[in-house]
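Reviewing the structure listed below.
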Amino acid sequence: MVLALLAAGLVAAVLLAVGVGAVRVPPSALPRLAAWHLGFHGVSLPSQQETTILLLIRLPRVLAGLLVGAGLAAGGVVMQGLFRNPMASPDILGVSTGGSLGAVVAIATGLAGASPLFLPALAVAGALAAAFLIYAISSYRGKTSLLFVVLAGLAISSFFNGLVSAILLFARQYEVSQFIFWTMGGLDGRTWRQVLMAVPVLLPGLAVMAFYARELNLLALGEEGAQSLGLGVEAAKRVLLAATAVVAGVAISVSGPVGFVGLLIPHLFRLLLGPDHRVLLPASILGGALFLILSDLAGRVLAPPFEIRVGIITAVLGSPYFLFLILRAQRRRLRLG
286 MVLALLAAGL VAAVLLAVGV GAVRVPPSAL PRLAAWHLGF HGVSLPSQQE TTILLLIRLP
346 RVLAGLLVGA GLAAGGVVMQ GLFRNPMASP DILGVSTGGS LGAVVAIATG LAGASPLFLP
406 ALAVAGALAA AFLIYAISSY RGKTSLLFVV LAGLAISSFF NGLVSAILLF ARQYEVSQFI
466 FWTMGGLDGR TWRQVLMAVP VLLPGLAVMA FYARELNLLA LGEEGAQSLG LGVEAAKRVL
526 LAATAVVAGV AISVSGPVGF VGLLIPHLFR LLLGPDHRVL LPASILGGAL FLILSDLAGR
586 VLAPPFEIRV GIITAVLGSP YFLFLILRAQ RRRLRLG
């Protein structure tokens, strides 16, 4: 029932988001256009202007938001399940800083201008490099301590941030401006090329996460409990960490770093639906997509004719919630201690 409501809400949000902007497009325009392309030629087509706006500007932007929100939320579910911590998110893996390092290399070397595929490709490569480097550092005798993953993540993130700063020091002014703009996180200017690049990587990553939902449920019992029930704990952790790095890395490559989606959405749905990842994961995927589409829509309508980038909107919404989680954890610790 919850999944059906979320799916219906997501469809409604897509129809709303493609219609709102400097030029209003009726909500019926997208269904009519889709019906016509499916062979129902008795349906009246939208005007040429509406069709151009829908196909070249609005729809790629909204679908990019859907993919990014789904990927970041799914990564948050997996990280919170692995760490058994409601404040975990893909940022722990250093995915954001790894992606940022890849992006600044693409921009500073001119590769980003040579082909639009270089920036996302290097951002994904940076995210994967960060994740596997952290995993290698935190592994000892074939076992991985999640505490050491966190500590290694902090160290690698600091190191990568230092490399980013060093590269920017020698970059030209417009390259620095381009990188700073990218780090704000946004969906404006997204094209079909970026959407079609993300889909064949992101969807298999989400499928792997869904396939491992049972393993995430077992890991919630603790590593020893999961192992006693026959789970190959280390193998499951490696697969899930890799899937999270790929999915979150692709998402970041499309939009730039967008904070708090991987924290806020999974935690809310865990409170509402419980810890069963077979339900929690698809609900968070739908909820993350819905949240990011609506956040981007809010950024477009709050201060016309200017746009507030979606990364700013999610930071404003997510920061108070993160502080709330910290304060609640402190109060709980005081009561127990």
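Note that our numbering has the sequence shown beginning at 286, numbered continuously upward.
All residues carry an ideal CB built from backbone N, CA and C; glycine is no exception.
Go through its chain and collect everything with a Cβ distance to Phe545's Cβ below 6 Å, but skip five positions before and after it.
Answer for Phe545: Thr599, Gly603, listed in chain order.
Going by Cα to Cα distance, which pick from Ser580, Val390, Arg613, Gly471 is closest to Ile452?
Among Ser580, Val390, Arg613, Gly471, the Cα nearest to that of Ile452 belongs to Val390.
Could I get the ranges of all uninterrupted alpha helix (DSSP H) runs contained in the segment 342-425, with 4 residues as the minimum, in chain order?
Whole alpha helix (DSSP H) segments, 4+ residues: 344-368, 380-393, 396-399, 403-423.
Need the endpoints of the alpha helix (DSSP H) that His322 sits in, please.
Under the DSSP assignment, His322 falls in the alpha helix (DSSP H) whose first and last residues are 314-322.
Within 10 angstroms of its Cβ, does Ile570 collect 16 or more other Cβ (buried), or is it exposed?
So Ile570 counts as buried.
Short of 7 Å in beta carbon distance, which residues of its chain neighbour Ala498, apart from the five on each side in sequence? Order them along the chain.
Taken in chain order, the residues that qualify are His562, Arg563, Leu566.
Hey, how far is the Cα of Met494 from the Cα of Gly327?
So the alpha carbons of these two residues sit roughly 42 Å apart.
Would the beta-carbon of Ala412 fall within 8 Å of that of Ile537?
Contact flag set, yes.
Exposed or buried, what is Val484 when buried is set at 16 or more other beta-carbons lying within 10 Å of its beta-carbon?
Classification for Val484: exposed.
Which same chain residues, not among the five before or five after Arg585, have their C-beta less than 6 Å away from its C-beta?
Glu592, listed in sequence order.
Which of helix, strand or coil DSSP assigns to Ile570
Looking at Ile570 - three-state DSSP - the assignment turns out to be helix.
Rounded C-alpha distance that separates Pro375 from Gly547
Straight through space, the alpha carbons of Gly547 and Pro375 are spaced by roughly 7 Å.
Nearest residue (CA-CA) to Phe464, options Pro405, Gly507, Gln512
Out of Pro405, Gly507, Gln512, the CA that lies nearest to the CA of Phe464 is found in Pro405.
C-alpha distance - Gly294 paired with Val362, whole-angstrom precision:
For Gly294 and Val362, the distance between alpha carbons rounds to 20 Å.
Looking at the secondary structure, which residues open and close the alpha helix (DSSP H) in which Pro560 lies?
Looking at the DSSP string, Pro560 is not in any alpha helix (DSSP H), and its letter there is neither H nor E.
Between the C-alpha atoms of Gly541 and Pro551, what's the straight-line distance to the nearest angstrom?
Distance between Gly541 and Pro551, taken at the CA atoms: about 20 Å.
Determine the extent of the alpha helix (DSSP H) in which Tyr497 is found, giving its start and end residues.
Secondary structure note for Tyr497: it is in no alpha helix (DSSP H), with a DSSP letter that is neither H nor E.
Less than 8 Å between the beta carbons of Gly490 and Ala456, yes or no?
Not in contact: Gly490 and Ala456 (Cβ atoms no closer than 8 Å).
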